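Trainee: Under the working numbering, the first residue of the sequence shown is numbered 53, with each subsequent residue one higher. Just so you know, even glycine gets a beta-carbon here, dropped at the ideal spot from N, CA and C. Owing to the predicted nature of the structure, the values given are computational and were not obtained by experimental measurement. Structure in structure tokens, see below.
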Amino acid sequence: MAATFAALVSALVDEPERSCVAQAVAEAEATQALRTLDDDEKKALEKRISALLGTPAAQQGHAWHAAGSVAAAYVAQQGWDAVEANGGEWVHRALALCEQALLQMQGGSEKARDALLPFLGVVVREAMGAEASAHPEYYRVVVAPNVPKLASALVELAAEPNAELLALLYASFVRNATTYRPHVAKLHALCMRILFAPHAEPGGTPPPEALAAAAARLFSALHLTGAVSEGTAHGKVLQTQLWAAPATEMLDAAFAALGSLTPSRAPAPCAALGWSKTTPDYVVGIPWSCARLFCLAGDDAHLGVLMHYLATPTPRPVPVPIGRVVLLAASMIRVRSDDAAPRDQLRAEAAALPQVRRAGLRLLGEVVAQFQEACWPYLYDEHSVLDDVCTAAERAAGDRERLIALRTLSLLLTSGMLPDASLPGAALPLDPASGRVQRTARLAIDACSTFLLPQASEPAAKRARVFESDAVLASTRAAQDAVLGQSNLAWQLARAGVCLFQAVFRTLACSATPGSRDLARTGALVVLGLAEATVDGRVLDVARADTLALCLASITAVAELVLANGGALVAYILLRIRALFVRGAASPVALVRAACESALARTLPLLRPRAPPVFDSVDSAALEGSDVDVVPLPKPGYDASKRGVAALYEAHRLDNPDMDVEAPAPAAAPAPVAAPAAKVVPPSAPAPAASIPLDTPDSDSDSDAMPELDAGGSDDE
53 MAATFAALVS ALVDEPERSC VAQAVAEAEA TQALRTLDDD EKKALEKRIS
103 ALLGTPAAQQ GHAWHAAGSV AAAYVAQQGW DAVEANGGEW VHRALALCEQ
153 ALLQMQGGSE KARDALLPFL GVVVREAMGA EASAHPEYYR VVVAPNVPKL
203 ASALVELAAE PNAELLALLY ASFVRNATTY RPHVAKLHAL CMRILFAPHA
253 EPGGTPPPEA LAAAAARLFS ALHLTGAVSE GTAHGKVLQT QLWAAPATEM
303 LDAAFAALGS LTPSRAPAPC AALGWSKTTP DYVVGIPWSC ARLFCLAGDD
353 AHLGVLMHYL ATPTPRPVPV PIGRVVLLAA SMIRVRSDDA APRDQLRAEA
403 AALPQVRRAG LRLLGEVVAQ FQEACWPYLY DEHSVLDDVC TAAERAAGDR
453 ERLIALRTLS LLLTSGMLPD ASLPGAALPL DPASGRVQRT ARLAIDACST
503 FLLPQASEPA AKRARVFESD AVLASTRAAQ DAVLGQSNLA WQLARAGVCL
553 FQAVFRTLAC SATPGSRDLA RTGALVVLGL AEATVDGRVL DVARADTLAL
603 CLASITAVAE LVLANGGALV AYILLRIRAL FVRGAASPVA LVRAACESAL
653 ARTLPLLRPR APPVFDSVDS AALEGSDVDV VPLPKPGYDA SKRGVAALYE
703 AHRLDNPDMD VEAPAPAAAP APVAAPAAKV VPPSAPAPAA SIPLDTPDSD
753 SDSDAMPELD AGGSDDE
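Below you can see the structure in the form of structure tokens.
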């Protein structure tokens, strides 16, 4: 490895004009090479990094990227010592290179700026990062004089948007917010131009996801330039006010875009964020309003600017408008058209409304996952949002909308981590006696049963044709193979149903109503049927991720159902559950085998008989074969009067009659008390041979005997 690094340095020294320096660095694996450097090689690397930044090739931006990568690896290996030794030189060199990059940007070339970004990352995050404030002398000499210069350079370089540069600007901004006060107007205009300017006119192109996320994070940090509290304001605007103003403006624009989607119900209101009112032509206005709404609330492809803004952490508490965000999501889920509008307009609205409902479901899930219990008061209003989600799942315009609705319900009702995501559930409390629990359980069971019996939900064919080959194929094909023809969306829908039933089963089992008990039993059977259908080796296709995910989710759900209620609800399927886990423990798929073994270990106390053992609570068979635990019994000829060593010698003598060693003298013991003489009782006379009793004379004891019944007597007697 040291030889590899030496070859890298020699290549940089001999050919400084090469344009493939970055490729040479990548091929030499400089990051791994730095781990085995000696002192001479480290000094050579320091000198070469400084010299490389001043070569003619560096003036064209070819070697900046390579030098930044090597410097980052060097700092990662050496730590703060490398930064303290070279930080001042790197900062001055970065400022000089920023001036050169700005000159080239004025000429219309951005290659130099893009090549400079790795080296700027080392300077911003390491040389002038958070650790620099822990070293007062270094901060006074290197950081404090150069922070305003670097801030001006970064703002000038960010005139042309770049996601990586905006990330560096955000990292520098949150640490030196007061330094950026003269530039906050430029940064605000830059963020507005990146995020909202493409949707000011119809047909605009939205920014890439990475650029939009970086701009939204920077946009959410601009409030740090305000006053911290009213006591230190002195005529300045507070940070909470600066943060709340853009959030309110974005929510107003989102509600305006949502109203413009359905002009059949109400006229389109005025939009915020500098957006003009949409055109009354619904052919152009509806797609335009959709683009604006998806920019703020998000869609199937990306996260909205509103959630990027709300999810960015702030150093101090800010007033998050959770109620309005939940109301926006609920309004998007409830959106409907007016039947009195022209047919062409209704057709244009109907084409856009399913996408809007899916976006509303996703927005609701993101808000609940981000703010958790803070959303509970807004989910139990007059028009329950949970009922709206159930309605969206029941009246979904396609399996994709139904899938998102079921996942949102799982997020709302799951306690703990979600089975299919690394997100905590909201654990929304529900009344077991309410109809929402049964409604939710019915949705989950329908999703699973539709997967197992797809023919029952499909419309009948117009013309049924029967061939002999179909009958032969049906007679030779296993029943589990019917699920092989399902699409990936159907597998995902069944998995969402399993997760939803697992989340609602505990609440469902708490109710004693007949409907809840029937749904609990039916759902347990359906989930068990899914697990049995997917554990089979012929059905389980490891190449399909959805197939394996459904199998693992169903196995986990079956185990959770047994642990949640091991009583009469699932007692009748315990034998099938044990057979399923035993069969899955021998599966050729490692993940399925591990899941079944874990589930079997967790449910083993419930699968065993619950009656206590007849004799004892331990395994006495293991004690019977042990010589240590055998209790010695006295043998014939054993003298019980002996004690101590003499008693042991007596027992050993009886076991070994040929022993010649004399017995030790017994210790003095009190004389035993003589037992009383036993009285010899003579044997009694034998009984007479005949068993017929003899006639004896009457005595007084005969009056106490039972009187004989007279069969011929009357009832009066």
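#1: Which residues mark the beginning and the end of the alpha helix (DSSP H) in which Met157 is found?
#2: Comparing alpha-carbon positions, which option in Leu379, Phe307, Gly375 lies nearest Phe346?
#3: Work out the CA separation of Cys150 and Ala205 for me, nearest whole Å.
#4: Determine the closest residue to Arg177 out of Ala123, Gly160, Pro213, with distance taken between C-alpha atoms.
#5: To the nearest angstrom, how far is it from the Cα of Leu461 to the Cα of Ala646?
#6: Answer yes or no: do Ile374 and Gly412 have a C-beta to C-beta separation smaller than 8 Å?
#7: My output table needs one value for Ala279: the three-state DSSP class, helix, strand or coil.
#8: By how many angstroms is the C-alpha of Val135 removed from the C-alpha of His187?
#9: Starting from the C-beta of Val556, find all residues in its chain whose C-beta is less than 7 Å away, skip the five residues before and the five after it, and write them out in chain order.
#10: Spatial neighbours of Ser639 within its chain, please: C-beta separation below 8 Å, excluding the five flanking residues on both sides.
#11: Report yes if the CB atom of Val236 is closer than 8 Å to the CB atom of Leu270, and no otherwise.
#12: Just grab the DSSP bridge partners of Leu290 for me.
#13: What's the C-alpha gap between Arg454 and Thr655?
#14: Measuring only the C-alpha atoms, how far is Leu560 from Val441?
#15: Taking the alpha helix (DSSP H) that Trp327 falls in, what are its first and last residues?
#16: Between the C-alpha atoms of Ala203 and Pro367, what's the straight-line distance to the nearest angstrom?
#17: How is Ser650 classed by DSSP in three states: helix, strand or coil?
#18: Ala564 by DSSP, collapsed to three states: which one?
#19: Identify the residues that DSSP records as bridge partners of Pro476: which are they?
#20: Determine, using beta carbons only, whether Val127 and Val174 come nearer to each other than 8 Å.
#21: Helix, strand or coil for Gly350? Go by DSSP, reduced to three states.
#22: Could you pull out every residue in the same chain whose Cβ sits closer than 8 Å to the Cβ of Ala148, ignoring the five residues on either side in sequence?
#23: Going by CA-CA distance only, name the one from Leu652, Val550, Ile338, Val357 that's closest to Leu325.
#24: Would you tell me roughly how many angstroms separate the C-alpha atoms of Leu209 and Leu217, rounded to the nearest one?
#25: Using a 10 Å radius around the Cβ and a threshold of 16 neighbouring Cβ atoms, would you call Leu536 buried or exposed?
#26: List the DSSP bridge partners of Leu355.
#27: Between which two residues does the alpha helix (DSSP H) containing Asp396 stretch?
#28: Is Trp295 near Val370, with beta carbons less than 8 Å apart?
#29: Whose C-alpha, out of Ala182, Leu239, Thr257, is nearest the C-alpha of Ala223?
#30: Which one of Pro365, Thr300, Leu658, Arg409 has the shortest CA to CA distance from Leu313?
Mentor: With the given structure in hand:
#1: In the sequence shown, the residue the question calls residue 157 occupies position 105. Segment 132-158, the alpha helix (DSSP H) holding Met157.
#2: For the purposes of this step, residue 346 is taken as residue 294 along the sequence shown, with counting starting at 1. Nearest of Leu379, Phe307, Gly375 to Phe346, Cα basis: Phe307.
#3: For the purposes of this step, residue 205 is identified with residue 153 of the sequence shown, where counting begins at 1. For the purposes of this step, residue 150 is identified with residue 98 of the sequence shown, where counting begins at 1. In this structure, the alpha-carbon of Ala205 lies about 6 Å from that of Cys150.
#4: Along the sequence shown, one-based indexing puts residue 177 at 125. A check of alpha carbon separations from Arg177 across Ala123, Gly160, Pro213 identifies Ala123 as the nearest.
#5: What you label residue 461 is simply residue 409 of the sequence shown in a count that begins at 1. What you label residue 646 is simply residue 594 of the sequence shown in a count that begins at 1. Distance between the alpha carbons of Leu461 and Ala646 is about 28 Å.
#6: Along the sequence shown, read from residue 1 onward, the residue named residue 374 stands at position 322. Along the sequence shown, read from residue 1 onward, the residue named residue 412 stands at position 360. No, these two residues do not count as a Cβ contact at 8 Å.
#7: Counted from its first residue, the sequence shown places residue 279 at position 227. If DSSP states are grouped into helix, strand and coil, Ala279 belongs with the strands.
#8: As a working mapping, residue 187 is identified with position 135 in the sequence shown. As a working mapping, residue 135 is identified with position 83 in the sequence shown. Rounded to whole angstroms, His187 to Val135 spans 11 Å at the Cα level.
#9: Walking along the sequence shown from the start, residue 556 turns up at place 504. When the five nearest sequence neighbours on each side are left out, the beta carbons in the same chain lying within less than 7 Å of the beta carbon of Val556 are those of Leu465, Val489, Thr492, Ala493, Ala496, in order along the chain.
#10: On the sequence shown, residue 639 is found 587 positions in, with the first residue counted as 1. The residues Val587, Gly589, Leu592, Arg645, Cys648, in chain order, have a CB closer than 8 Å to that of Ser639 in the same chain once the five nearest residues on each side in sequence are set aside.
#11: Taking the first residue of the sequence shown as position 1, residue 236 is located at position 184. Taking the first residue of the sequence shown as position 1, residue 270 is located at position 218. Between Val236 and Leu270, the C-beta gap is not smaller than 8 Å, which leaves the two residues out of contact.
#12: In the sequence shown, residue 290 corresponds to position 238, counting from 1. According to DSSP, which records beta bridges pairwise, Leu290 is partnered with Ala279.
#13: Within the sequence shown, residue 454 is the residue found at index 402, counting from 1. Within the sequence shown, residue 655 is the residue found at index 603, counting from 1. It is roughly 32 Å from the alpha-carbon of Arg454 to the alpha-carbon of Thr655.
#14: As a working note, residue 560 is residue 508 in the sequence shown. As a working note, residue 441 is residue 389 in the sequence shown. Taking the straight line joining both Cα atoms gives about 19 Å.
#15: Taking the first residue of the sequence shown as 1, we reach residue 327 at position 275. Note, Trp327: premise wrong, no alpha helix (DSSP H); not H, not E.
#16: By one-based count along the sequence shown, residue 203 stands at place 151. By one-based count along the sequence shown, residue 367 stands at place 315. In a straight line, the C-alpha of Ala203 is about 21 Å away from that of Pro367.
#17: The residue labelled residue 650 in the question sits at position 598 within the sequence shown. Under the three-state reduction of DSSP, Ser650 is assigned to helix.
#18: The sequence position of residue 564 within the sequence shown is 512, counting from 1. Taken through DSSP and simplified to helix, strand or coil, Ala564 comes out as coil.
#19: For the purposes of this step, residue 476 is taken as residue 424 along the sequence shown, with counting starting at 1. Pro476 is bridged by DSSP to Met469.
#20: Numbered from 1 along the sequence shown, position 75 holds the residue referred to as residue 127. Numbered from 1 along the sequence shown, position 122 holds the residue referred to as residue 174. Yes, they are a contact pair.
#21: As a first step, residue 350 must be located in the sequence shown, where it is residue number 298. DSSP places Gly350 in the strand class (E or B) of the three-state scheme.
#22: By 1-based counting over the sequence shown, the position of residue 148 is 96. Cβ neighbours of Ala148 beyond the five flanking positions: none.
#23: Working through the sequence shown from its first residue, we reach residue 325 at position 273. Closest option to Leu325, Cα to Cα, is Val357.
#24: For the purposes of this step, residue 209 is taken as residue 157 along the sequence shown, with counting starting at 1. For the purposes of this step, residue 217 is taken as residue 165 along the sequence shown, with counting starting at 1. Answer to the nearest angstrom: the Cα atoms are 8 Å apart.
#25: Locating residue 536 in the sequence shown gives position 484, where the first residue counts as 1. The residue is exposed, with fewer than 16 neighbouring Cβ atoms inside 10 Å.
#26: Within the sequence shown, numbered from 1, the residue matching residue 355 stands at position 303. Residue pairing from DSSP places Leu355 in a beta bridge opposite Gly350.
#27: Locating residue 396 in the sequence shown gives position 344, where the first residue counts as 1. Segment 395-423, the alpha helix (DSSP H) holding Asp396.
#28: For this step, residue 295 is matched to residue 243 along the sequence shown. For this step, residue 370 is matched to residue 318 along the sequence shown. Contact flag set, yes.
#29: Against the sequence shown, residue 223 aligns to sequence position 171. The residue with the shortest Cα to Cα distance from Ala223 is Ala182.
#30: Start at 1 with the first residue of the sequence shown, and residue 313 comes out as number 261. Cα-wise, what sits closest to Leu313 is Arg409.
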